[in-house]
Structure formats: structure tokens, C-alpha cells
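Numbering (our numbering), first residue to last: 45 to 192.
To keep things clear, I will list the structure first and then write my remarks on it.
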């Protein structure tokens, strides 16, 4: 098992969901922590509020890209390349997986039932999305893991 797979396994076993894992990976890679951000991401999981609509990996990854290029203070403006980056990620995601919908990606689920059989599917999506986020940031002049 590679390092990323081990990290995903641990985060999943610790009870983090897809969108949270995208943020946790990014924060860990820069040596920081932000429990408030991680808590807020839980609402994006399992297709936003467990509705199986827009995939939490997609929303989490776009959020990670926002950590690098989006507006963060009153006096800030989003970086010029922010919108093209998130549009590129969204287009890649849809082309790579054929959909942006959680239900289509993992099948209809009753999350309250305790069924965890969807997790390996999500892990593969997270791995590919994580690599794509890294690639897009590099292509647009960002240093992944260093937002300073």
C-alpha cells in the first residue's frame, strides 16, 4: 500500500468523510491544522448533507484550490487564475468520472445503515483528485503545501 493509500485509510478509519479528507490531506501536507475548516467541510460529504448530489470529493478539492487562490480577507481579491483553475478541475472531474453526482459514482446508499462498502470507491476518486489538485496548482505557479 502506498503512502497516500495509508493516509486515506487512516483518515477514513478516524471517521473523516470525503470532503474532510481532501482538506485534511492539504493541511497535513503544509504542516498545519484547522479543525474549524474540517468541521465545516462535513456538510459537503456524501453529496452535500448526505443527499448524494454533488460529490464531496469535488467540492472538497475545489475548496482546497480556494485555499490557494480565492479571496480570504476584505482587502483581497481572488487571484486571476483562480476561476480557470476551478473550472479546469471541474471539467477534468466530469471527464474522468463521467459525472459529478455522488449517487452515480457510488450508487444509492442509506448512510444511516452503517454500510461502508462505498469507501473504496471514494478512496480511488480521492486519490485521483488529490493528484489532479497538485498538478493544477503546479501548472499555475503555486507550490503545493506552501500557501505563504
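Glycine included, every Cβ here is placed at the ideal spot set by N, Cα and C.
For residue 187, the three-state secondary structure derived from DSSP is strand. Secondary structure note for residue 65: its alpha helix (DSSP H) is the uninterrupted segment 62 to 73. For residue 145, DSSP records a beta bridge to 98. Counting only residues of its own chain and dropping the five nearest sequence neighbours on each side, residue 81 has a CB closer than 7 Å to the CB of 67. In the three-state reduction of the DSSP assignment, residue 134 falls in the helix class. Fewer than three pairs of CB atoms, one per stretch, sit closer than 8 Å, so the stretch 86 to 97 makes no contact with the stretch 124 to 134. In this structure, DSSP gives residue 90 a state outside helix and strand, which the three-state scheme calls coil. The C-alpha of residue 101 is placed about 5 Å away from the C-alpha of residue 62. Bounds of the alpha helix (DSSP H) holding residue 57 are 47 to 57.
Contact between residue 153 and residue 162 holds, since their C-beta atoms are separated by about 6 Å, short of 8 Å.
Per DSSP, the unbroken alpha helix (DSSP H) holding residue 85 starts and ends at 79 to 85.
When only Cα atoms are considered, residue 119 and residue 78 end up about 22 Å apart. The beta carbon of residue 191 sits closer than 8 Å to the beta carbons of 74, 111, 112 from its chain, once the five residues preceding and following it are set aside; these are given in chain order. It is roughly 24 Å from the alpha-carbon of residue 49 to the alpha-carbon of residue 92.
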